[in-house]
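>
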Amino acid sequence: MSAVATAAADRWRGVATEDVDEFSASVAGLLRRRSRRLLARLAYPYRRQIALAGLLILVRSTAYLSIPYLIGLGIDKGVRPGKAGDLTTLAEIGLALIGVLVINALSNYVFLRLSGRIGQQSLFDLRTLLFAHVQELSLSFYERYTSGRIISRLTSDVEALNELLATGLTSVVTSLLSVIAITAILIHLDPRLGVVALVAMPLVLALTWWFRHNSARSYRAVRRAIVLVIVQYVESLGGIRAVHAFRREPRNQQIFEDVNGRYRDANIWSNRLASTFGPGISLLGRLTTAAVLLFGGYLVVEGQLTLGVLTAFVLYLRQFFEPMQDLSQFYNIFQAAGAALEKLAGVIEEAPTVPEPASPVQLTQARGAIAFEGVTFAYLDKPVLHDINIEIPAGQIVALVG
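Here the sequence shown is numbered in the numbering used here, starting from 55 and rising by one per residue.
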């Protein structure tokens, strides 16, 4: 289907400017700013709980990152290859390791309970805000926005944010903190091995930039496509009597197959990006680990490095690349939620064309009569009736047909 034909086919669905997949720098900046405003609005009532959740993340991450260090310390101080071990030191390190594992588990439990409550309450507030707001918007808004699109905002877009708040956001924050902290730890443990480990970082950053750039476009396409699918469902089933009366079934089926195909293709594109990023990071991680083991083993044989430090270094290296591999999945959730947030923020910031009066007058007793004085009717920016003055007495019916 050509671009012109596609645009013509989409026009009846109320396509708005929010469905563009690529934006200029100024428009992209505007979308990000209004998305941040909406997030800040949702998060502000729970700022104390969010601060507590951040503290729990630090406690959990600190406990998790201390595990390789304690294992390496146990090997060097308690086992001491080639020498008699120190059972007292080994027992102390073992108890410390158990304590760290307990702290990590407890902080993770409390954090998951707290973050789940914050996320669900924020989504409750968002759904309530959206429902109240769309009821206040003027009729001109609904000439551009079909009911299917509004339902998509209240369902699939909110669900995308649910996935972000449930797992994605906390996982991304934890992964980023881990990567930064482990980078410093690797350099501190042994600068020589740290340099070997960081040789792969330019390739990792280049692959991450490529994935970030392309996945943002792919997820806008995915969100646009799923909206069209929902619109076709809602509009067709909502007007099923008219569909049967005018024998629209074949045409509606053709339209649905078209939008369903777009949704399939957008998801295939997104999955192709993720299937390249994840294995690519995994390959770089394994090659880096092999290089560290080779060089570190040489240093151990030469007596320039202890076995405990090498063991801790390899364990930290695994902790370094594991979250980076998972970032592809988290980034998928993040991009889907980001695309949904742009659309939700756009609806929230939509202002009624007919605002409520600053000082509304309460209707004490209705007489049934209606008067229109100097009223103009228009479709978008095209007036069709000018300066209408009509008085309709109680009990009389007047129809404007056009």
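Glycine included, each C-beta is placed from N, C-alpha and C at the ideal position.
#1: How should Lys397 be labelled, buried or exposed, when 16 other C-beta atoms within 10 angstroms of its C-beta is the threshold for buried?
#2: Please state whether DSSP places Leu439 in a helix, a strand or coil.
#3: Here's a check: name, in chain order, each residue in its chain whose Cβ is nearer than 6 Å to the Cβ of Leu364, leaving out the five neighbours to either side.
#4: Could you compute how far the alpha carbon of Ile21 sits from the alpha carbon of Ile157?
#5: Quick check on this structure: which residue in Tyr352, Ser269 and Ser194 has the alpha carbon closest to the alpha carbon of Phe331?
#6: Might you give, ordered along the chain, the residues of its own chain that have their beta carbon closer than 7 Å to the beta carbon of Ile104, omitting 5 neighbours on each side?
#7: Closest to Val313 by C-alpha separation, out of Leu341, Ile280, Ala94 and Pro304, would be which residue?
#8: Would you call the region 182-196 and the region 358-377 in contact, with 3 or more CB pairs under 8 Å?
#9: Could you tell me the distance, in whole angstroms, from the CA atom of Ala448 to the CA atom of Gln419?
#10: Roughly how far, in whole angstroms, is the beta-carbon of Leu119 from the beta-carbon of Ala235, given that I think they are within contact range, below 8 Å?
#11: Please classify Asp211 as buried or exposed, where buried requires at least 16 other C-beta atoms within 10 Å of its C-beta.
#12: In this structure, does DSSP put Ile451 in helix, strand or coil?
#13: Could you pull out every residue in the same chain whose Cβ sits closer than 7 Å to the Cβ of Thr143, ignoring the five residues on either side in sequence?
#14: Could you pull the DSSP bridge partners for Glu445 from this structure?
#15: Please say whether Ser206 and Val285 have beta carbons closer to each other than 9 Å?
#16: Helix or strand or just coil, what does DSSP make of Thr418?
#17: Thinking C-alpha only, which one of Gly422, Pro409 and Ala399 is nearest Arg87?
#18: Could you tell me the alpha carbon to alpha carbon distance between Phe300 and Gly202, rounded to whole angstroms?
#19: CB-CB under 6 Å to Val429, same chain, minus the five flanking residues each way: which ones, in chain order?
#20: Taking the CB atoms as reference points, tell me whether Thr407 and Ser194 lie closer together than 9 Å.
#21: Give the straight-line distance between the Cα atoms of Leu454 and Arg101, rounded to the nearest whole angstrom.
#22: Measure the alpha-carbon distance for Arg167 versus Ile111 and round it to whole angstroms.
#23: Please classify Met255: is it buried, with 16 or more other beta-carbons within 10 angstroms of its beta-carbon, or exposed?
#24: Could you pull out every unbroken alpha helix (DSSP H) segment of at least 4 residues lying fully inside the region 128-187, listed in chain order?
#25: Tell me the DSSP bridge mates of Phe431?
#26: Is Ala107 closer than 9 Å to Thr224 when the C-beta atoms are compared?
#27: Got a sec? Which residues, its chain only, sit under 6 Å from Leu219 by beta carbon, not counting five neighbours each side?
#28: Go to Gly293, then tell me how far its alpha helix (DSSP H) extends in each direction, as first and last residue.
#29: Quick one: measure Cβ to Cβ for Ser229 and Phe384, integer angstroms, because I've assumed they're closer than 8 Å.
#30: Would Tyr273 and Gly392 qualify as a contact pair, given that the criterion is a beta-carbon distance under 9 Å?
#31: If you follow the alpha helix (DSSP H) that Leu315 is in, where does it begin and where does it stop?
#32: In angstroms with no decimal places, state the Cα-to-Cα distance between Glu403 and Thr200.
Taking the geometry as given:
#1: On the sequence shown, position 343 is the one that residue 397 refers to. So Lys397 counts as buried.
#2: Here the question's residue 439 lines up with position 385 in the sequence shown. Reduced to three states, the DSSP call for Leu439 is strand.
#3: Counted from its first residue, the sequence shown places residue 364 at position 310. Excluding residues within five positions, the ones whose Cβ falls inside 6 Å are Gly350 and Val354.
#4: No statement about residue 21 is possible, as the shown extent of the chain runs from 55 to 456 and does not include it.
#5: The sequence position of residue 331 within the sequence shown is 277, counting from 1. Closest by alpha carbon: Ser269.
#6: Stepping through the sequence shown from its first residue, residue 104 is reached at position 50. Result list for Ile104: Ala97 and Ile172, in chain order.
#7: What you label residue 313 is simply residue 259 of the sequence shown in a count that begins at 1. Closest by alpha carbon: Ile280.
#8: no
#9: Sequence index remark: in the sequence shown, residue 448 carries index 394 (1-based). Sequence index remark: in the sequence shown, residue 419 carries index 365 (1-based). Cα to Cα, the separation comes out at about 13 Å.
#10: On the sequence shown, position 65 is the one that residue 119 refers to. On the sequence shown, position 181 is the one that residue 235 refers to. Right, the Cβ-Cβ distance comes to about 6 Å (below 8 Å), so this counts as a contact.
#11: Residue mapping note: residue 211 aligns to position 157 of the sequence shown, counting from 1. Looking at its Cβ environment, which holds 16 or more other Cβ atoms inside 10 Å, Asp211 is buried.
#12: Taking the sequence shown and counting its residues from 1, one reaches residue 451 at position 397. Three-state DSSP puts Ile451 in coil, outside helix and strand.
#13: By one-based count along the sequence shown, residue 143 stands at place 89. Same-chain partners within the cutoff: Lys131 and Gly132.
#14: In the sequence shown, counting from the first residue as 1, residue 445 sits at position 391. Ala425.
#15: For the purposes of this step, residue 285 is taken as residue 231 along the sequence shown, with counting starting at 1. For the purposes of this step, residue 206 is taken as residue 152 along the sequence shown, with counting starting at 1. Yes, the pair counts as a contact, with Cβ atoms nearer than the cut-off.
#16: Taking the sequence shown and counting its residues from 1, one reaches residue 418 at position 364. DSSP places Thr418 in coil when its eight states are reduced to three.
#17: One-based indexing of the sequence shown puts residue 87 at position 33. Taking only the C-alpha atoms, the option nearest Arg87 is Ala399.
#18: As a first step, residue 300 must be located in the sequence shown, where it is residue number 246. As a first step, residue 202 must be located in the sequence shown, where it is residue number 148. Using only the alpha carbons, I get a separation of about 21 Å.
#19: The count along the sequence shown starts at 1 and reaches residue 429 at position 375. So the list reads Ile442, once near-sequence residues are dropped.
#20: Indexing the sequence shown from 1 puts residue 407 at position 353. Indexing the sequence shown from 1 puts residue 194 at position 140. Yes; because the gap between Cβ atoms is below 9 Å, this pair is in contact.
#21: Taking the first residue of the sequence shown as 1, we reach residue 454 at position 400. Taking the first residue of the sequence shown as 1, we reach residue 101 at position 47. Leu454 and Arg101: Cα-Cα distance of roughly 52 Å.
#22: Residue 167 sits at position 113 when you count from the first residue of the sequence shown. Residue 111 sits at position 57 when you count from the first residue of the sequence shown. Those two C-alpha atoms are separated by around 13 Å.
#23: Counting from 1 along the sequence shown, the entry for residue 255 is found at position 201. Exposed: under 16 other Cβ atoms inside 10 Å.
#24: none
#25: Mapped onto the sequence shown, residue 431 falls at position 377. Beta-bridge pairing links Phe431 to Leu439.
#26: The residue given as residue 224 occupies position 170 in the sequence shown. The residue given as residue 107 occupies position 53 in the sequence shown. Contact flag set, yes.
#27: For the purposes of this step, residue 219 is taken as residue 165 along the sequence shown, with counting starting at 1. Here the set comprises Gly173.
#28: Sequence index remark: in the sequence shown, residue 293 carries index 239 (1-based). Segment: none, Gly293 is in no alpha helix (DSSP H) and carries neither H nor E.
#29: Taking the first residue of the sequence shown as 1, we reach residue 229 at position 175. Taking the first residue of the sequence shown as 1, we reach residue 384 at position 330. With 8 Å as the limit, Ser229 and Phe384 qualify as a contact, their Cβ atoms being about 7 Å apart.
#30: Here residue 273 is taken as the residue at index 219 of the sequence shown, counted from 1. Here residue 392 is taken as the residue at index 338 of the sequence shown, counted from 1. Yes; because the gap between Cβ atoms is below 9 Å, this pair is in contact.
#31: Residue 315 sits at position 261 when you count from the first residue of the sequence shown. In the sequence as displayed, the identity of residue 315 is Gly instead of Leu. Its alpha helix (DSSP H) spans residues Glu303 to Val355.
#32: In the sequence shown, the residue the question calls residue 403 occupies position 349. In the sequence shown, the residue the question calls residue 200 occupies position 146. Rounded to the nearest angstrom, the two C-alpha atoms are 17 Å apart.
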